[in-house]
Amino acid sequence: MDFSYSVLIPLIPLFAFLIIGLGGNKLKALASGLLGTTGLGVSFILSLYTAYQYFFVFGKSAEGVYQKIVAFDMVWLRFTETLHINMGVLLDPISVMMLVVVTTVSFMVHIYSMGYMKGEVGFERFFAFLSLFSFSMLGLVLATNIFQMYMFWELVGVSSFLLIGFYYQKPSAVAASKKAFIVTRFADLGFLIGILLYSYSTGTFDFGLLTNVDGELIRKGTEAGFLGLSMLTWSLILVFMGGAGKSAMFPLHIWLPDAMEGPTPVSALIHAATMVVAGVYLVARLFPVYALSSPDALEVVAYIGAFSSLFAAIIACTQFDIKRVLAFSTMSQIGYMMLALGVSGYGEHGIGYMASMFHLFTHAMFKALLFLAAGAIIHAVHTNDLREMGGLRKYMPITHITFFVALMAIAGIPPFSGFFSKDEILVAAFEHNKIIFFSSMLVAGLTAFYMSRLYFSIFWGKNTHYHHTPHETSPVMYIPLIFLALVTVFAGFIPFGELVTSDGKALHLHIHWNIAIPAVLVALTGIGVATALYMKESKTPDKVVASLGGVYKTILNKFYFDEIYMFVTKKIIFNLISKPIAWFDRHIVDGTMDGIGWVTTTSSEKMKNFQSGQLQQYAIVFISGVIALVLIFSYFSTN
Amino acid sequence: MDILTLFVTIPVLTMLAIGFAKNTQQVRLISAVGMSIQLLNAVRLLFAFFAERKAGNTAEFLFTQDLVWFKSLNIHYAIGVDGIAVAMLVLTAIIIFTGVFASWTMKELTKEFFISLILLATGVFGFFISLDLFTMFVFYEVAVIPMYLLIGIWGSGRKEYSAMKLTIMLMGGSALLMVGLFGIYFNSNVAGGELTWNLQEIAKIQIPIEAQRMFFPMLFVGFGVLGALFPFHTWSPDGHASAPTAVSMLHAGVLMKLGGYGAFRVAMYLMPEAAQEQAWIFIVLTSISVLYGALGAIMQTDLKYINAYSSVSHCGLILFGLLMMNQTAMNGAILQMISHGIMTALFFALIGMIYGRTHTRMIDKMGGLMKVIPFLSVAYVIGGLASLGLPGFSGFVAEMTIFVGAFQHADIFHRVATIIAVSSIVVTAVYILRVVGVLLLGPIKNDEFLQLKDAEWHEQLTLVTLIIGIAGIGIAPLWLSDLIGEGLAPVVAKLLAAIH
Amino acid sequence: MIEGIPLHYFLVLSTLMFFIGVYGFIVRKNLITILMSIELILNSVNINFVAFNKFLYPDQLQGMFFTIFVVAIAAAEASVAIAIIINIYRRIGNINVEEIAELKH
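Printed below as a string of structure tokens:
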């Protein structure tokens, strides 16, 4: 059982990046596109092979437990005897699952981009960045230690920055990329401090040792305390802060809607399926510690997840930009995954953990599908605005069908994949905490509502007159849609409980009808309301909006969070801290130094007059000096 | 001639040869050839050092030489290198090499310019090879003095003011150093016998604690002035803003590192007890300067000021790492010296090149340069990402090593200081992205910029060399970290032994 | 004849002469008067020398000799100084100390 070939999965995109990046303008656009896509294709096939080998051939130990396999490991940088950053490949159920998710979506997005980005300036650059992103994301997924994860975490952040700012001459894109980077960087500060605290108390970075909850190391961390919580809890909360930043959890979510300024395939890859779930993956990676040693931290995860999920779902109902609706929907669904982790127990009680991973998988597929379909629509009608669309089902049948499949999945209608994963999440929440459960139910209804609103506004509703008649996209673009739609239809039947669990032992699942039926009913209600409001052009939605008044306006403006952040950064940090510091430095610190110089020069100016050249003046001074000395000496000698 | 003395001889010969050059063409060529030989020599030294270590030579300093040059005061020309000095020599060789190419288009008084530039580098090389404190000090002064001429004659803006300020502040530092060094000298024979300037000899004895208490702060502040220790950093923004490109590169890249190097090699190594006692004062100052420099950089509009403040922040981190006084943090501090040296040289080179094209350094007057000068812009982005500590570049390696080391102190004082220092990474991201966003991205603000030409061959050579340096350390840091760690071991051992 | 006069008479006289000389040296602007003031100072010292010689060491002659030296040197000095003053007067047409500042710059 040699898995060392799995090193190639991240390395191939890296080489593709280097070749395209260094080759620069010398490569033909098409050649670089093909190179990137082929590279990812090879990685995709290797990942599927690895997954097959791991899950069905070699992964289980004799007792039928999935094990952690370190396929490759080398010391990269040594800090102390025990603290060193390694570069390696760790295979366990979640990392192998993530490999499949990342390479599948990335490969589909590569193919799709060949069509979507055709003729754009910077086509090569786009593929270079895509490959860079894929490399970083795969490195993150496969990390053997928390510091390796942090490194790739940063690399993922920067590739996201580069891709959001792809249209670098557009000021809004530049601002969005900057915002995304700085907000996540701020969150990463928490992550870093968390890592440093955690590794100080445990003396290792290695995931194998860190998550070994029976070990000596973890117990050491739970001893030292600060403000009533153990050091371990503090560090886990800080680590979660990093995860919350990347996964756009409240209140660090503000970058995600703006990130939609990037090209749509990028949104599909990074801001729907892969990078944004990195936070969930991080918590899942450290899950044994959260669950067994620090239930307080896990509680924080649960509440933040549940709140973000509800918060985003409410905002999504009011937005008009289709990509922003999808962005808030992503945030809401990731909140679901977080809350599932938060309410989960370990081992036999680990249904939430399993459900979270399951939902991560299915969500990645159908959300990527939604974004790619949205890209196709934007490509066809040249606008993002919902109000300028309508009746597209006639012009774009394939996009319509695939979008519908994704809608059913996200709304949780059986037998589409979303139904199965969502059901498990609700079950886990029901067993743990009733408040979170009811909020999740509400979110399920809202999700069904706003997604249907989106669907009806685009494909049904009024018959808009377009400047150019919209037409179906080229096969390069719709083949990925069809592929993802097929996955979305069938992924629900994958026996996740047997493959991905918190302790590697199989978990036997069955559908809890007492929860599933109400959930489906709630979803159908949501769809029903949306159908009534948006299927035919009508005045009812405007009336509803008018009756809500100020509440609606607050929601439309995303609860004014952007404005609050702007106030804090621009007004407080820039004007109240940075400017005074610059002033202080120029005028006080530097002024002191200049002041010393000034004193020296002026006093020398004054002293210069003393040396007048007037002999008689010298004589006065000389004689008075002599007299003074004589007096002083005679005074002292007489005493 | 032995390999270390060559480091001083090659530049001196180059200067002599420049003296005989007939025109600018020849001056440039001779400087380039001389400094290329110097770079090759540095690389040769690196390999020779590894070979010696492999052969089992475990002496603290290798390639030592000892000649008396001033009998009555017992001053020797004593030289030798450990892993850290080797790394610093290689860094200096890289930067002076690229500095020559960055000044390729220098027009006025070229002969004198290159002679002063190389003289400055000679002082730096001499400083790093010296084991005799007095010789070290002489070389230190040789490195500092030409700066006055270089800024005062070839600078821009308020050059006379800046040159004067810089020189006087550094001379003030030197005065403190001189006193501190004499303090060490006159306490170097506690066990009886001759007074000595030799670093290795002094390291063997313990300087009386009263003397340490008095002279440690003098030496630390004296070196700290050059290392931009808050509040003695104000020469740096003005000095850098006025200095010509190559001088800024060399100054921020190497000369400011003399401060950090001296601080640990002389002050902390020879007076560990006082270092342990007084570290807290300087920890407070350096953690202020880390965050303060970064916050100060946010609102600047002149590219060179931004970089100067960022240097204050990064150099603060060097001293901060040193003051944590454990193997890991100090290792990180030295890595940071090298990393920041290359990075800041890259920045100043780029700023010079951009200024040469747009004739302004104000970021609000520029915009959208990515479109017209992609090579320079990409290099700037790479430098920026390295500066904000992106993995894969040297800054990440250095900063993380410092932070991990600093976190080994569990008491609340060190924790708070460390967290203040760590939070600078966010602020750094803010100002770097601000510059990148305003300067390189967005629409082109000025139509004249459409005519700009991208990098020439000598500029590309400069930038590529420096980028390879940053990325090389960032991708494979282990050898460098081990090289430094081995040199640090005796220093750390002394410092740890001094804890009561 | 000198025996009858107490020492302090001499000292008072020489002190008066000394300070009159100093006063003249500082206050007068004419170079000739300044020169004359210097002569006063020198001669006040001479009186001191002679007086102390007589009262303290009557059987020795150092004080006398010193006085003679001073007188001789003062004569030489005066001749040089007057030569300088005459030259200055020829060049500049003025012997006021405050206005003779040609060499200062």
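Chains as they are written, first to last, in the working numbering: chain U, 49 to 687; chain X, 152 to 651; chain V, 95 to 199.
Using N, Cα and C, we set each Cβ at its ideal position, and we do this for glycine too.
All of these numbers come straight from a predicted model, not from anything done at the bench.
Q: Sort out for me which residues DSSP pairs U:R126 with in a bridge.
A: U:H132
Q. To which residues of the same chain is U:L358 closer than 6 Å at the C-beta, ignoring the five residues directly before and after it?
A. S487, V491
Q: Would you mind stating whether X:S339 and X:H391 have Cβ atoms separated by less than 9 Å?
A: no
Q. For the alpha helix (DSSP H) that contains X:Q177, what are its first and last residues?
A. 175–205
Q: Just the C-alpha distance for X:A537 and X:I302, rounded to the nearest angstrom, thanks.
A: 28 Å
(Q) Mapping the DSSP letters down to three states, classify X:M513 as helix, strand or coil. (A) strand
Q) What whole-angstrom Cβ distance do X:M239 and X:Y412 have, given they're in contact under 8 Å? A) 6 Å
Q | Inter-stretch contact at 8 Å, needing at least 3 Cβ pairs: the region 377–397 of chain X / the region 499–515 of chain X | A | yes
**Q.** Selection from X:Q189, X:L617, X:K355 that minimises the alpha carbon distance to X:G492
**A.** X:L617
**Q.** Contact with chain V by U:A676, beta-carbon distance below 9 Å
**A.** no
Q. What residues of chain V sit near U:L663, judged by a beta carbon separation below 7 Å?
A. V191
Q) If you count every other CB in all the chains shown that lies within 10 Å of the CB of V:D153, and 16 or more means buried, which is it? A) exposed
**Q.** Neighbourhood of X:G250 by C-beta, 6 Å cutoff - its chain only, sequence neighbours within 5 removed
**A.** A397, M400, L401
Q | Expected contact under 8 Å - CB spacing of X:P162 and X:F276 to nearest Å | A | 7 Å
**Q.** Close-in-space but distant-in-sequence residues of the same chain around U:V148 (CB under 7 Å, 5 per side omitted)
**A.** S95, L96, A99
(Q) Comparing C-alpha positions only, which one of X:F433, X:L603, X:I154 sits nearest to X:T509? (A) X:L603
Q: Could you work out which residues of chain U lie near X:V577, taking near to mean beta carbons separated by less than 9 Å?
A: I230, R233, F234, D236, L237
Q. Are at least three pairs of beta-carbons, each pair with one atom in the region 518–525 of chain U and one in the region 403–414 of chain U, less than 8 Å apart?
A. no
Q) Unbroken beta strand (DSSP E) runs of length 3 or more, entirely within the region 125–162 of chain V: which are they? A) none
Q) So which residues of chain U does V:V116 contact, with C-beta pairs closer than 7 Å? A) I671
Q | Amino acids of chain U, ordered along the chain, whose beta-carbon sits closer than 7 Å to that of V:I120 | A | Q664, A667, I668
**Q.** For X:Y228, the residue or residues it bridges with in DSSP
**A.** X:L218
Q: Return the bridge partner residues of X:I235 from the DSSP annotation.
A: Note: X:I235 sits in no beta bridge, so no partner.
Q. Nearest chain U C-beta to X:T385 closer than 9 Å, yes or no?
A. yes
Q) In chain X, which residues lie less than 7 Å from U:I241 when you measure between Cβ atoms? A) I570, V573
Q. Is the CB of V:I128 under 9 Å away from at least one CB in chain U?
A. yes
Q. Out of U:W508, U:F355, U:V577, U:V105, which has the shortest C-alpha to C-alpha gap to U:M379?
A. U:F355
Q | U:F120 - partner residues in DSSP beta bridges | A | U:V137
Q.
Taking CB distances under 9 Å as the criterion, tell me whether X:V581 reaches chain U.
A. yes
(Q) Whole angstroms are fine: how far does the CA of X:Y443 sit from the CA of X:Q216? (A) 43 Å
Q) My guess is that V:I128 and U:I668 are in contact by the Cβ rule of under 8 Å, so how many angstroms apart are they, rounded? A) About 13 Å; that fails the 8 Å criterion.
Q: May I ask you to list the residues that DSSP assigns as paired with X:L213?
A: X:V232
Q. Would a check of beta-carbon distances place U:Q217 closer than 9 Å to chain X?
A. yes
Q) Who does U:D50 pair with in a DSSP beta bridge? A) Paired residue(s): none; U:D50 is not in a bridge.
Q) What residue does the alpha helix (DSSP H) around U:R501 start on, and which one ends it? A) 482–507
Q. In three-state terms, what does DSSP make of X:K596?
A. coil
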